[in-house]
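Visitor: Residue numbers (our numbering): 28 to 294.
As structure tokens, then:
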């Protein structure tokens, strides 16, 4: 029932809405789209809520977070995003495919992204420091470390000539990452065999920290700041952690020069 119908029911007399109803109407809506099962997304959701709380937004009180599990069905994203665009939406939060779909659908609704790729190359922002449009967020820069990780793998398994790479063929950044690997492999005397998979079995809870930052940025946007003025966040330091117990269980002998590179060695 809308306001007009409500007044009509009262016979045309002036009616004041309850304060609770007015407050509910004023709560901004923030869709959060994730490509995981609800149980897998639990640590991310909790981290996002903590981020919002850090800047004064509590779910159900002054912000309405809508959770959408899209799985790996990226073909559904345009329709889902169109739904957000066609109704009052304060900001759209999601990973690379979500952000790209949202960027095509709207140039006005703020977008907060989490990506492992370079958002400038993806066309999400003009630059890291001055995004310049309606999108900003967090970049893990994991795509830029592919060749370094391949080099470390070469040090760990010097006799291995064939390396398997697990990749989701439907993910927007997969092609670029695989190309980097395949370009680097011959110089190391290795061959890359790609195994395609379109589902994730488990999410690493270690990514909860940057997902919390997405909540902080969403809250700052709700307070009136513009994505164009919020620099894209990215790691300032990469750490190599080696778990010797796990290595032993896998039958791996860690070379001394690799141990020397480690920031932390877990006995």
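Every residue, glycine too, gets a C-beta built ideally from N, C-alpha and C.
Rounded C-beta distance between residue 259 and residue 134? I'm assuming under 8 angstroms.
Guide: Translated into positions along the chain shown, residue 259 becomes position 232. Translated into positions along the chain shown, residue 134 becomes position 107. By a beta-carbon distance limit of 8 angstroms, residue 259 does not contact residue 134. Their separation comes to about 18 angstroms.
Visitor: Whole angstroms is fine: what's the gap from residue 89's alpha carbon to residue 246's?
Guide: The residue labelled residue 89 in the question sits at position 62 within the chain shown. The residue labelled residue 246 in the question sits at position 219 within the chain shown. Those two C-alpha atoms are separated by around 10 angstroms.
Visitor: For the beta strand (DSSP E) containing residue 78, list its first residue and its last residue.
Guide: The residue you call residue 78 lines up with position 51 of the chain shown. Residue range 65-81 is occupied by the alpha helix (DSSP H) that includes residue 78, with no beta strand (DSSP E) assigned at that position.
Visitor: Provide the residue(s) that pair with residue 61 in DSSP beta bridges, ordered along the chain.
Guide: As a working note, residue 61 is residue 34 in the chain shown. BP columns for residue 61 point to 96.
Visitor: At what residues does the alpha helix (DSSP H) containing residue 203 begin and finish?
Guide: Sequence index remark: in the chain shown, residue 203 carries index 176 (1-based). 201-211 is the extent of the alpha helix (DSSP H) around residue 203.
Visitor: What is the DSSP secondary structure of residue 111, counted as helix, strand or coil?
Guide: The residue you call residue 111 lines up with position 84 of the chain shown. Three-state DSSP puts residue 111 in a helix.
Visitor: Would you check if there are 3 or more beta carbon pairs closer than 8 angstroms linking the region 66-78 to the region 242-257?
Guide: yes
Visitor: Between which two residues does the beta strand (DSSP E) holding residue 142 run?
Guide: Position 115 of the chain shown, counted from the start, is the residue given in the question as residue 142. Where residue 142 is concerned, the enclosing beta strand (DSSP E) stretches over 138-142.
Visitor: First and last residue of the beta strand (DSSP E) that includes residue 165?
Guide: Residue mapping note: residue 165 aligns to position 138 of the chain shown, counting from 1. Segment 162-166, the beta strand (DSSP E) holding residue 165.
Visitor: Should the region 251-258 be called in touch with the region 153-166, which here means at least 3 C-beta pairs below 8 angstroms?
Guide: yes
Visitor: DSSP on residue 91, reduced to helix/strand/coil?
Guide: One-based indexing of the chain shown puts residue 91 at position 64. Strand at residue 91.
Visitor: Please list, in chain order, all residues of the same chain as residue 190 whose beta carbon is under 6 angstroms from its beta carbon, the five residues on each side excluded.
Guide: By 1-based counting over the chain shown, the position of residue 190 is 163. Cβ within range, chain order: 217 and 219.
Visitor: Three or more C-beta pairs under 8 angstroms: does that hold for the region 118-125 against the region 196-204?
Guide: yes
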